[in-house]
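Numbering (the numbering used here), first residue to last: 0 to 749.
Note that the Cβ used here is the ideal one computed from N, Cα and C, for glycine as well.
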Amino acid sequence: MAETAQSESRKLLGRLRDTMADDRAGQTRLNEITRIIADSMNCEVCSIYLFRDTITLELCASEGLNAEAVHKTRLRMGEGLVGRVAERGSVINAADAPKEKGFRYMPETGEEIYSSFLGVPIQRLGQGLGVLVVQSKEKRKFTADEIYGVEVVAMVLAEMSELGAFIGEGEALKAPHQEAAVFKGTTAQEGFASGQVWLHEPRVVLTNLVSDEPEQEKERLHNALNELRTYAKGLLKRHGRVSGETLDVLEAYAMFVNSQGWIKRIESDIEKGLSAEAAVEKQQSVARARLAKAPDAYLRERLHDLDDMSNRLLRLLTGQGDYQTSEMPQKPILVASSIGPAELLDYGRKLNGIILEEGSVGSHATIIARAIGIPLLIHVDNITTEALNGDPILVDAEQELVHLRPDESVAQAFQDRMAMATQAQKRYAALRDKKAISQCNRKIEILMNAGLMVDLPNLKGSGAEGVGLFRTELQFLASQKMPRRAELSETYSRVMDAADGLSVVFLTLDIGSDKVLPYMNHVSEPNPALGWRAIRVGLDKRGILRMQLQALLRGAAGRPIAIMFPFITVPSEFYEARGEFEKVLQQERQLGHKIPEDIKIGAMLETPALAYAPDQFFQDVDFLSIGGNDLKQFFFAADRENEMVRKRYDILNTSYMRFLSHIVKRCDENNTKLSYCGEDAGKPLEAMALSAIGLNSLSMRAASIGPVKHLLMRTHLGELETFIEGICHSQHGSIRSDLTGYFAQNGTIV
Ligand code: PEP
Ligand code: MG
């Protein structure tokens with residue numbers, strides 16, 4: 000960039016800084032800014048358009064256009080050249096604007112006399128706030144230096160409007176960070192929570208944007224980069240011999256910290272008059288915009304790493320690094336873009352709720368949040384840029400909504416609903432010691448799903464008759480390295496201690512698909528849900544399977560034990576896995592360890608194929624449990640992780656009901672014990688349908704036991720069975736509304 004262009008840009012930023020520092024009303028300042036920009040660019044027009052809502056842009060200030068058009072002219076996203084700049088998030092540079100594709104004539108502005116047009120998005124960290132436009136009569140294209148200069152100015156503006164001074168009808172409005180906001184998300188763990196925002200990684204707030212001392216700023220940048228290099232080296236050293244994904248991340252750090260291209264771009268922005276932190280953030284915005292469009296998962300991951308590293312750099316430059324020592328609010332609701340299982344376990348029960356921008360229904364964080372029973376919403380877009388530490392926040396995981404800084408009326412209505420839910424829980428607690436028996440005297444075994452030690456003290460209080468599914472993968476997922484056998488057996492032993500004689504079914508390591516162990520070589524698969532997962536991994540990595548089986552036997556130390564293999568698709572997989580168990584058993588016996596007398600070995604039925612296995616298989620297993628979360632995704636060919644199809648098919652569909660009845664029948668014929676342990680077993684209406692068609696053992700989250708028992712004790716399962724059979728023979732589609740009608744007619748509210 001030419002020397003003169005650089006010093007022009009610095010001069011302009013200097014003038015802007017002075018204007019930003021003065022304390023005149025928002026609109027006056029905004030007008031002044033457009034005047035300064037137009038003047039320094041030698042253009043007749045400079046205008047600022049800002050978003051009024053997610054799709055409407057409003058002309059908020061202008062030098063050169065008709066003053067009456069300000070706060071009147073509005074455009075939709077994609078409309079006219081300005082709308083197009085906003086929609087694409089990229090620059091439009093046109094010498095003859097009226098001839099440009101998409102041009103829209105707005106008579107009130109008087110802009111028809113201006114030929115050239117330069118529109119630059121005003122963005123903050125990839126989020127569009129508006130558009131900065133310069134126009135002139137002269138028919139010419141703007142130079143690359145000019146565009147760069149306007150982009151830098153737009154970035155400075157982004158910080159200003161982000162601080163909330165300008166958007167409004169000619170007056171300074173409340174800062175966006177003081178306004179109530181509602182966000183939509185996807186429920187990953189049901190429940191309500193009310194509390195205060197606790198940002199897992201709080202956003203760095205920039206106050207020092209502009210600087211006249213480029214050399215000094217560059218020195219600050221390089222000092223911070225050196226600190227970051229030391230940090231990255233330390234990480235590599237601490238992690239020792241790492242491989243796979245961890246190494247990728249660390250290498251990415253090292254790569255960015257030493258990337259000359261990236262550093263040069265930051266330096267060039269500093270030379271134009273930005274402070275070191277503003278320049279780093281500008282490059283971070285560019286990377287975020289690319290991240291949003293990156294089609295490739297690998298590239299997206301690397302851009303995430305760059306984002307993470309930019310944040311660290313910003314913390315070093317601004318000194319806002321001490322967030323971990325700041326005090327947690329009383330009822331913290333964690334807000335983050337994403338979070339790892341270990342970090343979440345560290346917070347443990349301290350959190351009242353969790354809100355993530357990313358994540359998936361089956362991700363590690365979700366599994367842990369479910370296990371701990373904390374309401375969790377995922378896919379909540381842009382919450383980390385809106386929320387500030389300590390903001391009041393309500394999580395409504397029933398309606399999939401987040402209320403940030405709610406109005407009093409919303410907060411009151413929410414408190415009322417929470418109080419009702421607490422009352423219902425009290426009613427359910429009263430059922431704890433009652434047997435789960437239907438009106439027609441059918442006894443249903445109610446079991447609990449668990450996966451962490453913290454669940455176990457809950458067992459007796461929950462009213463469950465045992466643990467129908469203990470997911471052992473959480474301990475593996477939460478660990479930075481492969482857990483050792485002794486650690487595992489210690490945990491299994493404590494689980495059995497806590498169960499205090501009640502049965503616990505241990506599911507062997509169920510990883511793969513979305514559950515990836517950070518320390519195991521990750522293979523990229525086109526269709527992970529149909530890929531190398533669960534028992535398929537176990538049979539290919541027998542060392543791990545054997546180690547876990549040994550740990551289970553040692554943990555049991557002679558007590559009765561039940562072991563279930565996940566994702567058995569064909570009987571041979573079960574026989575092979577059981578063969579490994581028998582070998583381990585033999586070894587343990589020879590080593591003199593205590594061997595349980597009561598051993599049950601079963602399989603999780605998660606693929607339709609297993610429902611059609613030969614009778615012999617049904618006789619050979621000690622029990623089967625339907626893993627409905629997976630079974631239904633394969634039955635309907637609808638990915639449980641894909642929001643577009645996840646809720647498309649109802650398990651109360653007649654075809655699925657008939658399929659489940661078929662499994663029940665086969666188990667009855669072969670005298671095989673059968674239970675259902677997918678999430679649907681914990682939903683009262685679904686649980687009644689499952690019980691009615693013959694599934695007399697259901698395993699669910701502890702919180703679901705009360706509501707299910709409550710409804711079961713009011714239901715005549717025999718009658719319901721006849722009712723369901725009738726519909727399944729005569730109709731297709733979901734029987735949900737028929738079932739709801741059935742209960743309503745019988746005076747039962749579900
Ligand atoms: C299931 O598939 O229903 C199950 C219990 O396991 P997961 O949800 O962990 O796959
Ligand atoms: Mg499963």
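Check, Outcome
"Option nearest residue 399 by Cα separation, candidates 40, 545 and 189", "189"
"Other residues of its chain near residue 551: CB distance less than 7 Å, five sequence neighbours each side excluded", "491, 505, 560 and 562"
"When 103, 55 and 660 are compared against residue 80, the one with the closest alpha-carbon", "103"
"The ligand PEP heavy atom lying under 7 Å from the CB of residue 496", "no"
"DSSP-derived helix/strand/coil call for residue 186", "strand"
"Sufficient close CB pairs (3 or more, under 8 Å) joining the stretch 665-680 to the stretch 614-632", "yes"
"Beta-carbon proximity of residue 119 to residue 149, cut-off 8 Å", "yes"
"C-alpha gap between residue 126 and residue 694, whole angstroms", "50 Å"
"Test: residue 70 CB closer than 8 Å to a CB of chain D", "The chain labelled as chain D is not found in the depicted structure, where only one protein chain is given."
"Buried versus exposed, by CB contacts within 10 Å (16 or more), residue 112", "exposed"
"Top-ranked residue by Cα proximity to residue 656, from 635, 558 and 467", "635"
"Backbone secondary structure at residue 180 - three-state DSSP", "strand"
"C-beta atoms of residue 393 and residue 405 nearer than 8 Å", "yes"
"heavy atom of the ligand PEP below 7 Å from residue 677 C-beta", "yes"
"Length of the line joining the Cα atoms of residue 357 and residue 396", "16 Å"
"Whole-angstrom distance between residue 286 and residue 305, CA atom to CA atom", "8 Å"
"Buried or exposed (CB count within 10 angstroms, at least 16 for buried), residue 351", "buried"
"Environment of residue 213 [buried if 16+ CB atoms lie within 10 Å]", "buried"
"Range of the contiguous beta strand (DSSP E) that encloses residue 93", "91-93"
"Proximity test, residue 628 beta-carbon vs the ligand PEP heavy atom, cut-off 7 Å", "yes"
"Segment limits, beta strand (DSSP E) that includes residue 191", "191-198"
"Sequence-distant residues of the same chain with beta carbon closer than 6 Å to residue 16, five excluded per side", "209"
"Check: residue 527 C-beta below 7 Å from any heavy atom of the ligand MG", "no"
"Residues bridged to residue 603 [DSSP beta-bridge criterion]", "624"
"Cβ neighbour criterion (16 or more within 10 Å) applied to residue 529", "exposed"
"Which listed residue (439, 468, 696 and 435) has its alpha carbon closest to that of residue 449", "468"
"The ligand MG heavy atom lying under 7 Å from the CB of residue 509", "yes"
"Sequence-distant residues of its chain with Cβ nearer than 8 Å to residue 689 (five each side left out)", "659, 675, 679, 680 and 697"
"CB of residue 382 within 8 Å of CB of residue 401, strictly", "yes"
"Residue 230 versus 595, 312 and 707, residue with shortest Cα-Cα distance", "312"
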